[in-house]
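Read left to right, the sequence shown gives residues 1107 to 1309 (our numbering). No residue lacks a Cβ here, since even glycine has one placed at the ideal position from N, Cα and C.
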Amino acid sequence: MIENLSLLDEKGLLDLVADGDEKAFARLFELYADMTYGFAILHTKTSDSAEEVVQDIFLKLWLKRDKLREIRSFRDHLFIITRNHIIDYLRKNLREKKYQQQLARHFKEASFSPEQQLIFKESREMIEKAVALLPPRQQVIYRLRRNEDMSLDEIARKMDLSRLTVRNHLNKALGAIRTYIQAHSHELVSLLLLLLLQTIGSL
1107 MIENLSLLDE KGLLDLVADG DEKAFARLFE LYADMTYGFA ILHTKTSDSA EEVVQDIFLK
1167 LWLKRDKLRE IRSFRDHLFI ITRNHIIDYL RKNLREKKYQ QQLARHFKEA SFSPEQQLIF
1227 KESREMIEKA VALLPPRQQV IYRLRRNEDM SLDEIARKMD LSRLTVRNHL NKALGAIRTY
1287 IQAHSHELVS LLLLLLLQTI GSL
């Protein structure tokens, strides 16, 4: 029980998590998630990125929970894996941003032939067809994110929903659109559209 878990020392709590006790893991998350989030937002600068880091860190801890028995100081261990994860996260994010900027510059500066212009026109139409098949709430959330560039928090306030609900609906919408694109378009159009969706989903 959570009441009993709160009386355990750190070693006892880690041993329970290592045994697969989900309530013990929830208690561990309760104790350390805020600290991890604070460290993450200091370096990532956005709440969305910091939340993603926290989720990734604790997922990694759960998947490798058998290693927790060997830890002498969980706080030190958590600091090290969070630091390393943030370094990897920022490195990956920087590569993706540079690539997306290069792609955007290429498309902006390129002189497109009539055939290429037709491909982009078909791309926009393809997305619209996919969006039209989404459930109404997913359509609204997708359009607010895509067309009005609203954040998850802004969409949540506008629609009177929780942030998690908005994220879940958007993820489902993007997944459905990707599936539709891959089934209905040729390779080049699929690549362009999936790159676009990746940008939309970078919350």
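| DSSP on Lys1278, reduced to helix/strand/coil? | The sequence position of residue 1278 within the sequence shown is 172, counting from 1. Here Lys1278 sits in helix by DSSP.
| request: Taking Leu1184 as the reference, give the member of Lys1264, Asn1253, Leu1120, His1275 with the closest Cα. | output: Along the sequence shown, one-based indexing puts residue 1184 at 78. Among Lys1264, Asn1253, Leu1120, His1275, the Cα nearest to that of Leu1184 belongs to Leu1120.
| Residues near Ala1156 in its chain [Cβ-Cβ closer than 7 Å; skip 5 each side] | Numbered from 1 along the sequence shown, position 50 holds the residue referred to as residue 1156. Hits under 7 Å: Tyr1143, Ala1146, Ile1147, Thr1150.
| task | Take the Cβ of Gln1244 as the centre, count every other Cβ of all protein chains shown within 10 Å, and call the residue buried at 16 or more, exposed below. | result | Residue mapping note: residue 1244 aligns to position 138 of the sequence shown, counting from 1. The residue is buried, with at least 16 neighbouring Cβ atoms inside 10 Å.
| message | Under DSSP, the alpha helix (DSSP H) around Ile1247 begins and ends at which residues? | response | If you number the sequence shown from 1, residue 1247 lands on position 141. First-last of the alpha helix (DSSP H) with Ile1247: 1242-1253.
| Just the Cα atoms here: how many angstroms apart are His1275 and Ser1153? | Residue mapping note: residue 1275 aligns to position 169 of the sequence shown, counting from 1. Residue mapping note: residue 1153 aligns to position 47 of the sequence shown, counting from 1. About 19 Å.
| request: Give me the Cβ distance between Ala1130 and Leu1122, rounded to the nearest whole Å; I'm assuming they're in contact under 8 Å. | output: Position 24 of the sequence shown, counted from the start, is the residue given in the question as residue 1130. Position 16 of the sequence shown, counted from the start, is the residue given in the question as residue 1122. Sure, about 4 Å apart at Cβ, within 8 Å.
| said: Quick check: the Cα distance between Tyr1195 and Val1159, rounded to an integer number of angstroms? | reply: For this step, residue 1195 is matched to residue 89 along the sequence shown. For this step, residue 1159 is matched to residue 53 along the sequence shown. Looking at the two C-alpha atoms, the distance is approximately 8 Å.
| Alpha carbon to alpha carbon, what distance is there between Ala1132 and Ser1257? | Against the sequence shown, residue 1257 aligns to sequence position 151. Against the sequence shown, residue 1132 aligns to sequence position 26. Each residue's alpha carbon lies about 28 Å from the other.
| task | Specify the secondary structure class of Arg1178 as computed by DSSP and reduced to three states. | result | Counted from its first residue, the sequence shown places residue 1178 at position 72. Correct three-state label for Arg1178: coil.
| field | Sequence-distant residues of its chain with Cβ nearer than 7 Å to Glu1116 (five each side left out) | value | Against the sequence shown, residue 1116 aligns to sequence position 10. Result list for Glu1116: Phe1180, in chain order.
| Outcome for Ala1236 when other beta-carbon atoms lying within 10 angstroms are tallied against a minimum of 16 | Along the sequence shown, read from residue 1 onward, the residue named residue 1236 stands at position 130. Looking at its Cβ environment, which holds 16 or more other Cβ atoms inside 10 Å, Ala1236 is buried.
| said: Is there a C-beta anywhere in chain B that falls below 8 Å from the one on Asp1259? | reply: No chain B is part of this structure, which consists of one protein chain only.
| Nearest neighbour of Glu1312, chosen from Met1265, Asp1140, Thr1271, Leu1169 [CA to CA] | With the chain represented from 1107 up to 1309, any question about residue 1312 goes unanswered, as that position is not in the structure.
| Span separating the alpha-carbon of Ile1287 from that of Met1232 | Your numbering for residue 1287 matches position 181 in the sequence shown. Your numbering for residue 1232 matches position 126 in the sequence shown. Distance between the alpha carbons of Ile1287 and Met1232 is about 7 Å.
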